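A.B. asks: Residue numbers for the sequence shown follow full-length UniProt numbering, beginning at 1 and rising by one.
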Amino acid sequence: MTLMLALLNDMLLAMIPALGFALVFNVPKKALKYCAIGGAIGHGTRFLLMHWGISIEWSTLVAATLVGMIGVHWSHRFLAHPKVFTVAALIPMVPGVFAFKAMIAIVEINHRGFSLELWGLMIDNVLKAMFIVAALAIGLAMPGLLFYRRRPVV
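1. Assign H51 to buried or exposed, taking buried as 16 or more other Cβ atoms, counted over all protein chains shown, within 10 Å of its Cβ.
2. For F21, I'd like the list of residues in its chain whose CB is within less than 7 Å of its CB, leaving aside the five on either flank, ordered along the chain.
3. Out of L48, M122, T86 and A80, which has the shortest C-alpha to C-alpha gap to F98?
4. Report the residue ranges of all alpha helix (DSSP H) runs contained in full by the UniProt domain "Threonine/Serine exporter ThrE" (10–144); include only those spanning at least 4 residues, in chain order.
5. Go ahead and pull the three-state DSSP assignment for D1.
6. Does the segment 100–110 come close enough to the segment 38–54 that 3 or more CB-CB pairs lie under 8 Å?
7. Among R149, M142, R150 and F147, which has the Cα closest to the Cα of A64?
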């Protein structure tokens, strides 16, 4: 029961930035609820996969691909570009905490001087942030690569 409540909490809280960024990107009013739902689905998927022991990078890739696939479905259904539904929905999964920790480690190295511990912390957070951003980009592009090909995949 606590997993279900935590998942519901995660999904509801992910809807807020997805909706906010959809408003910033001037998404049509009719598509706002789908951006919020996409953000909730994506973040909830990543939350569940991480709960089951999958790393945040792979969880983000799977969640972004799922949001991309749903966005393509909605784009066919509502005759809009898929990015209308997907870009704002992926914003809640941007790795701000890891990028912030990397920047703090860089400032600490600059202030205190080089230490292996700070260097390792900085490298770990930079790589994690870069791989998460790459997973978001690949996941967003994956449905377009699969569905809008001129030649078959196989």
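Heads up, the beta-carbon is just placed ideally off N, CA and C, and yes, glycines get one too.
Being a predicted model, the structure only gives us computed values, none of them experimental.
C.D. replies: Walking through what the data contain:
1. By the 10 Å Cβ count, H51 comes out exposed.
2. Setting aside the 5 residues that flank it on each side, F21 is surrounded in the same chain by A88 and I91, each with a C-beta closer than 7 Å to its C-beta; the list follows chain order.
3. M122
4. 29–51, 56–78, 82–90 and 96–112
5. The amino acid occupying residue 1 in the given sequence is Met; Asp does not appear at that position. M1: coil per DSSP, three-state reduction.
6. Contact between the segment 38–54 and the segment 100–110 is absent, because fewer than three Cβ pairs lie under 8 Å.
7. M142
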